[in-house]
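Notes follow the structure.
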């Protein structure tokens, strides 16, 4: 048996990779969503391999006022070369399946990874220039302010929330890289090496570090008192005992000066998918705790900023003690969600 040849299964995966790469040309690669009070339905910028789509005209109009460059396909050489690059990699994947050589597979995988890294650097450079090279004669100028969109994730830009994520084409490209990674692991027999105790222990250690580094994705974002405003009532958040915040599945953070403001916001924005709820611990100053594990009291003489009348505690003992002092009743998190 020739050990330099790849398996039939790997050939099939390579054909799938070819299809994914070609398909990515015809759908958006990336999207940047913008939300603001004056645009309740939001604005979206879609970056294809060969064009810019979405609410381009509206965004260009906004850019003009703050001195940012307007967006035009002709200004970006990337929109000319990207389709050819994807076709090249698709043909490369097909050729790899036909010749069935492991070395060719490894070259394909490394080349795609290098392309992804260069594309990320180029995207960052584009975002930086787009947000920093401002017209000094713009109608609206904020000293020291730049408008660089996030490369990935969420960022607040003036009164706009900007959220940047892969679109369908981006996910197809990521899937292509992942499938190539799987067959490279399979064909190189790397898994056999991990069966050795020392190697397995080292792998487990590095995987543990990786997952720990990802743990902050659900961490509460500190509320800046007298700086942040409530995303429901728009009042300044001044007291660190009554506030709350939510983290969405998209990574956005919404902050509130009153627990009931948070609940009312969620009721009015049912399409916003919440991943985590946080509330202020009434016994501490501006300390957020997970709402599902908190203990609550409601009513009585509680005077929260917007008269929501609900406060939270880390311990049940504190909740009962303050419930007696404030003539308030214990209430569960589930009951608050149903209010």
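In the UniProt record's numbering, the protein residues as written are 1 to 339.
We treat Cβ as the ideally placed atom computed from N, Cα and C, and that holds for glycine.
These numbers come from a predicted model, not from an experiment.
Excluding the five sequence neighbours on either side, which residues of its own chain have a C-beta within less than 7 Å of the C-beta of residue i, listed in chain order?
i: residue 37; result: 159
i: residue 170; result: 29, 30
i: residue 334; result: none
i: residue 329; result: 297, 298, 299, 323
i: residue 213; result: Only weak support exists for where residue 213 lies, its pLDDT of 49 falling under 50; the coordinates are left without a value.
i: residue 54; result: 44, 45, 46
Between residue i and the rest of its own chain, which residues show a CB-CB distance below 8 Å, the 5 nearest in sequence each way excluded?
i: residue 15; result: 93, 94, 97
i: residue 140; result: 65, 66, 67
i: residue 105; result: 6, 10, 14, 96, 180, 183, 184, 187
i: residue 274; result: 246, 247, 248, 249, 266
i: residue 120; result: 151
i: residue 302; result: 309, 310, 311, 326, 328
Do residue j and residue i count as a contact pair if the criterion is CB distance below 7 Å?
i: residue 234; j: residue 245; result: no
i: residue 179; j: residue 89; result: no
i: residue 56; j: residue 43; result: no
i: residue 151; j: residue 127; result: yes
i: residue 47; j: residue 59; result: no
i: residue 102; j: residue 4; result: yes
i: residue 308; j: residue 326; result: no
i: residue 167; j: residue 30; result: yes
i: residue 173; j: residue 23; result: no
i: residue 237; j: residue 259; result: no
Am I right that residue i and residue j are in contact with their C-beta atoms under 8 Å? What's the rounded C-beta distance?
i: residue 52; j: residue 162; result: Actually they do not touch by this definition, with Cβ atoms about 16 Å apart.
i: residue 318; j: residue 283; result: 5 Å
i: residue 305; j: residue 228; result: Residue 305 to residue 228, Cβ: 13 Å. No contact.
i: residue 298; j: residue 279; result: Going by Cβ atoms, the distance from residue 298 to residue 279 rounds to 13 Å, so no, they are not a contact pair.
i: residue 50; j: residue 82; result: 7 Å
i: residue 124; j: residue 149; result: About 10 Å; that fails the 8 Å criterion.
Leaving out five residues on either side along the sequence, give the residues of the same chain with a beta carbon under 6 Å from the beta carbon of residue i.
i: residue 183; result: 10, 13
i: residue 210; result: Model confidence at residue 210 stands at a pLDDT of 48, short of 50, so the residue's coordinates are unreliable and nothing is read from them.
i: residue 154; result: 163, 251, 252
i: residue 216; result: Any reading at residue 216 must be qualified, since the residue scores a pLDDT of 49, below 50, and its modelled position is unreliable; the value itself is stated next. Once the five neighbours on either side are set aside, residue 216 has no close Cβ partner at all.
i: residue 220; result: 278, 288
i: residue 25; result: 49, 83, 86
i: residue 376; result: Given a span of 1 to 339 for the chain in the structure shown, any question on residue 376 remains unanswerable.
i: residue 261; result: 230, 232, 233, 306
On the DSSP letters alone, give me the boundaries of the beta strand (DSSP E) that residue i sits inside.
i: residue 268; result: Counting along the chain, residue 268 falls outside any beta strand (DSSP E), though it belongs to the alpha helix (DSSP H) covering 259-268.
i: residue 33; result: 30-36
i: residue 329; result: 329-331
i: residue 140; result: No beta strand (DSSP E) holds residue 140; DSSP gives it neither H nor E.
i: residue 164; result: 160-166
i: residue 52; result: 52-54
First and last residue of the alpha helix (DSSP H) that includes residue i?
i: residue 104; result: 102-132
i: residue 222; result: Here residue 222 belongs to no alpha helix (DSSP H), and DSSP marks it neither H nor E.
i: residue 69; result: Run containing residue 69: none; DSSP gives neither H nor E here.
i: residue 246; result: Note, residue 246: premise wrong, no alpha helix (DSSP H); beta strand (DSSP E) at 244-248.
i: residue 255; result: Not the alpha helix (DSSP H): residue 255 falls in the beta strand (DSSP E), residues 253-256.
i: residue 317; result: 316-325
Taking 6 Å as the cut-off, is the C-beta of residue i nearer than that to any heavy atom in the ligand GTP?
i: residue 331; result: With respect to the ligand GTP, the structure shown offers nothing to examine, as it has no ligands at all.
- Task: Specify whether the stretch 67-85 and the stretch 124-135 touch according to this definition: at least 3 beta carbon pairs, one from each stretch, less than 8 Å apart.
- Result: yes
- May I ask you to verify whether the stretch 289-302 touches the stretch 221-237, counting CB pairs closer than 8 Å and requiring at least 3? no
- Can at least three beta-carbon pairs, one atom from the stretch 165-181 and one from the stretch 109-125, be found at a separation below 8 Å? yes
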